[in-house]
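Engineer: Could you have a look at this structure, given as structure tokens, before my questions?
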Amino acid sequence: MKDRFEYGQNPDKTQSGELISSYACDHMTADAEFLLSKAKYRAVTGREQRRDADVLCYQIRQAFKPGEITPEEANRIGYETAMRWTKGKYAFFVATHTDRQHIHNHIYYNSTSLDCTRKFRDFIGSARAVRRLSDRVCLENDLSVILNPKLHSKGRFLHYGAWLGAERQPSYKERLRLAINDALAKGPADFADFLRLMAESGYAVKHGRGGVISFLVPGQERATRLRASTLGDGYDPEDIRAVIAGKQPVPQIHSAATPAPRRVNLIVDIQERLRSGKGPAYERWAKVYNLKQMAAALMFLQEHQLTEYDQLAAQADGAAQQFHALAGELRQTEADLAKTTALMEAVVQYAKSRPVFEGYKAARYSKKYLAEHGPELADYRAAKAALNELLDGEKLPKMDALKEKRRKLAARKKALYAEYRAAQQEMREAVAVKANIDHLLGLSDERKNKEQER
1 MKDRFEYGQN PDKTQSGELI SSYACDHMTA DAEFLLSKAK YRAVTGREQR
51 RDADVLCYQI RQAFKPGEIT PEEANRIGYE TAMRWTKGKY AFFVATHTDR
101 QHIHNHIYYN STSLDCTRKF RDFIGSARAV RRLSDRVCLE NDLSVILNPK
151 LHSKGRFLHY GAWLGAERQP SYKERLRLAI NDALAKGPAD FADFLRLMAE
201 SGYAVKHGRG GVISFLVPGQ ERATRLRAST LGDGYDPEDI RAVIAGKQPV
251 PQIHSAATPA PRRVNLIVDI QERLRSGKGP AYERWAKVYN LKQMAAALMF
301 LQEHQLTEYD QLAAQADGAA QQFHALAGEL RQTEADLAKT TALMEAVVQY
351 AKSRPVFEGY KAARYSKKYL AEHGPELADY RAAKAALNEL LDGEKLPKMD
401 ALKEKRRKLA ARKKALYAEY RAAQQEMREA VAVKANIDHL LGLSDERKNK
451 EQER
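The sequence shown begins at 1 in the UniProt record's numbering and counts up by one.
Okay, here's the thing in structure tokens:
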């Protein structure tokens, strides 16, 4: 931990320590303070953790677009992010580095709470949650965020160097694609001849288990596997063999420098309005909503990949329809469950009281018998009336069948209720975001004007 902290507090990176801020600790002695809190935690709670399983602290790295923010402002943003992430319950310090073109923060926070009674537990999706929080804080402060992070085959986000795009040197993958195309252009006789041409071009050919082929160029630490999920369509071994056999063309390398035809992008338009703070639409918005609500709307659009207003409108309508459909199904399921429960209760009551009624019949409807068993006979009549009403002429099911039906209906109700709550939240969020966007773009005023014209 001390080595990590020394790296973060490097005076050459933090303007001699001027760009370090802290909460509930002294950054110069944070390692000792964090360790002391672990000892207090053991004393207070009596819990002991294995040394190899104990997390001493956590780190968040937060980077900003080059030229958009000052080091002091970056440190303030990092402090705000850390405070909102920890909710002020964990000590932390923020070190802002200026040694790269992009200013970035290293946020270190203690895994043990300030009162030493609990520990921060990393959870599934925590990386996504902290990224969302960081994006929201940046948007609230008129800073850029990555609008559409690209995903690779396993669904994780590309690292910073791969995301930079055309403003960097060709990556190892791009160089490998070019080398493969050059080798194929020479017309190899077979796959072995293709591998020979790759070796002659400077690539080391690696053969792995299951026939896996990988290439390694001098200076590259890890070999790049020959497969479409890594290199793109047309770069599977089967595709290469098909090209050699003349069954398909050499794969095309799409240039990132060729811009696609521009379409109106709702997210970009909103972010530009957010950044500029000008115009009548922004003024109308600012009277009703603050920047945090604008940031929340933008985050919703990004997460749902809604780039056009019509898509947002369709999302809101679809969410409302889904909610109402689930609400109707939930009501019907609850009604069926209530009916089945009432039917079971009536069957039980009927079974209990029927022998009394049979005795009443055997006694030739004796007044004395009626006086002695009046409540039981009343229960019988009520149960029979309930059965007639509930069955409505249908055959009485067996009790085991009724129990199984009630069990299934109860399980269905539980599942539907979870879907209902999720759909309700999604509908509220989508409708609220659409209303916010309507205000931002002035669409609400247009509708009012049309209604007045009518």
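Note that beta-carbon positions come from the ideal geometry of N, C-alpha and C, so glycine has one too.
A quick note: this is a predicted structure, and the numbers were derived from the prediction, not measured.
Determine which residues share a DSSP beta bridge with A95 and list them.
Structural biologist: Bridge partners of A95: I20 and H106.
Engineer: Buried or exposed for T112, going by 16 or more other Cβ atoms inside 10 Å?
Structural biologist: Its Cβ being crowded by 16 or more others within 10 Å, T112 is buried.
Engineer: If you follow the beta strand (DSSP E) that C57 is in, where does it begin and where does it stop?
Structural biologist: C57 -> beta strand (DSSP E) spans C57 to A63.
Engineer: Please name the residue or residues paired with K408 in a DSSP beta bridge.
Structural biologist: According to DSSP, which records beta bridges pairwise, K408 is partnered with nothing at all.
Engineer: With respect to the beta strand (DSSP E) encompassing I77, which residues constitute its N-terminal and C-terminal limits?
Structural biologist: No beta strand (DSSP E) contains I77, which is instead part of the alpha helix (DSSP H) from P71 to T86.
Engineer: Which ranges does the alpha helix (DSSP H) cover as unbroken runs of at least 4 residues, wholly within the region 186 to 250, from first to last along the chain?
Structural biologist: Counting only runs of 4 or more, we get 191 to 200, 228 to 231 and 237 to 244.
Engineer: Mapping DSSP to helix, strand and coil, what is K2?
Structural biologist: Helix, per DSSP.
Engineer: Decide yes or no for the touch test of the region 22 to 36 against the region 94 to 114: beta carbon pairs closer than 8 Å, at least 3 of them.
Structural biologist: Touching, yes, given that three or more Cβ pairs across the two stretches are closer than 8 Å.
Engineer: State buried or exposed for E324, treating a residue as buried only when at least 16 other CB atoms are found within 10 Å of its CB.
Structural biologist: Reading off the sequence, residue 324 comes out as His, not Glu. Exposed.
Engineer: I need the straight-line Cα distance from A129 to H106, nearest angstrom please.
Structural biologist: Answer to the nearest angstrom: the Cα atoms are 17 Å apart.
Engineer: Look at the Cβ atom of L416, then the Cβ atom of L330, and state whether they are nearer than 8 Å.
Structural biologist: Yes, these two residues count as a Cβ contact at 8 Å.
Engineer: Give the range of the alpha helix (DSSP H) segment to which R381 is assigned.
Structural biologist: Element bounds for R381: G374 to L391.
Engineer: In its own chain, which residues sit with a C-beta less than 7 Å from the C-beta of T45, not counting the 5 before and 5 after it?
Structural biologist: So the qualifying residues of the chain are T117.
Engineer: Terminal residues of the continuous alpha helix (DSSP H) containing E345?
Structural biologist: Y309 to A362 is the span of the alpha helix (DSSP H), which, as asked, contains E345.
Engineer: Can you find the residues in the same chain that come closer than 8 Å, C-beta to C-beta, to R121, ignoring five residues on each side of it along the sequence?
Structural biologist: Excluding positions up to five away in sequence, the list is empty.
Engineer: Taking the straight line between their C-alpha atoms, what separation do you get for K395 and D379?
Structural biologist: The straight-line gap from Cα to Cα measures roughly 21 Å.
Engineer: Nearest CA to the CA of residue 464: which residue from Q59, L226, S126 and I103?
Structural biologist: The requested residue 464 is not part of the displayed model; the chain covers only 1 to 454.
Engineer: Which of the three DSSP states is assigned to T45 in this structure?
Structural biologist: Three-state result, T45: helix.
Engineer: Whose C-beta lies closer than 6 Å to the C-beta of A295 among residues of the same chain, with five residues either side of it excluded?
Structural biologist: For A295, where only same-chain residues beyond five positions count, the Cβ hits under 6 Å are R136, L139 and E140.
Engineer: Tell me the DSSP secondary structure of K89 in three-state form.
Structural biologist: Coil, per DSSP.
Engineer: Can you name, in chain order, every residue of its own chain whose Cβ lies under 6 Å from the Cβ of R227, other than the five neighbours on each side?
Structural biologist: These residues qualify, in order along the chain: D236.
Engineer: Look at the Cβ atom of A223, then the Cβ atom of S214, and state whether they are nearer than 8 Å.
Structural biologist: Yes.
Engineer: Assuming Y108 contacts A30 (C-beta within less than 8 Å), just tell me the rounded distance between them.
Structural biologist: Yes, Y108 and A30 are in contact; Cβ-Cβ is about 7 Å, under 8 Å.
Engineer: Return the chain-ordered list of same chain residues with a C-beta closer than 6 Å to the C-beta of G78, the five sequence neighbours on each side being excluded.
Structural biologist: Closer than 6 Å at the Cβ level, and outside the excluded window around G78, lie Q62, V94, N105 and I107.
Engineer: Excluding the 5 residues flanking K65 on each side, which residues of the same chain have their C-beta closer than 8 Å to its C-beta?
Structural biologist: The answer, listed in chain order, is H102, L143 and S144.
Engineer: For a quick check, are the C-beta atoms of L387 and A346 less than 8 Å apart?
Structural biologist: Closer than 8 Å, so yes.
Engineer: Leaving aside the five residues before and after K13 along the sequence, list all residues of the same chain whose C-beta is less than 6 Å from its C-beta, in chain order.
Structural biologist: H97 and D99.
Engineer: Nearest chain B C-beta to F123 closer than 8 Å, yes or no?
Structural biologist: Checking the listed chains, one finds no chain B in this structure; it contains a single protein chain.
Engineer: Taking DSSP as the reference, what is the three-state secondary structure of K173?
Structural biologist: Of the three classes helix, strand and coil, the one that applies to K173 here is helix, per DSSP.
Engineer: Rounding to the nearest angstrom, what Cα-Cα distance links S16 and G219 in this structure?
Structural biologist: Spanning the two alpha carbons is a distance of roughly 34 Å.
Engineer: In or out: V264 buried (at least 16 other Cβ within 10 Å) or exposed?
Structural biologist: Interpretation of V264 is limited by its pLDDT of 35, a score under 50 that renders its predicted location unreliable; the figure taken from the coordinates is listed afterwards. It counts as exposed.
Engineer: With C-beta atoms as the reference, is L312 less than 8 Å away from K405?
Structural biologist: No.
Engineer: Rank A338, Y420 and K398 by C-alpha distance to the C-alpha of V348 and give the top, closest one.
Structural biologist: If we check each option's Cα against that of V348, K398 comes out closest.
Engineer: Who are the Cβ neighbours of D190 in its own chain at under 7 Å, not counting the five residues just before and after it?
Structural biologist: So the list reads I244, once near-sequence residues are dropped.
Engineer: Identify, in the order they occur along the chain, each residue of the same chain with its Cβ nearer than 8 Å to the Cβ of M1, setting aside the five sequence neighbours on each side.
Structural biologist: Hits under 8 Å: D31, F34, L35, L56 and C57.
Engineer: Ordered along the chain, which non-local residues of its own chain (more than five positions away) have a Cβ less than 8 Å from that of A199?
Structural biologist: The residues are V205.
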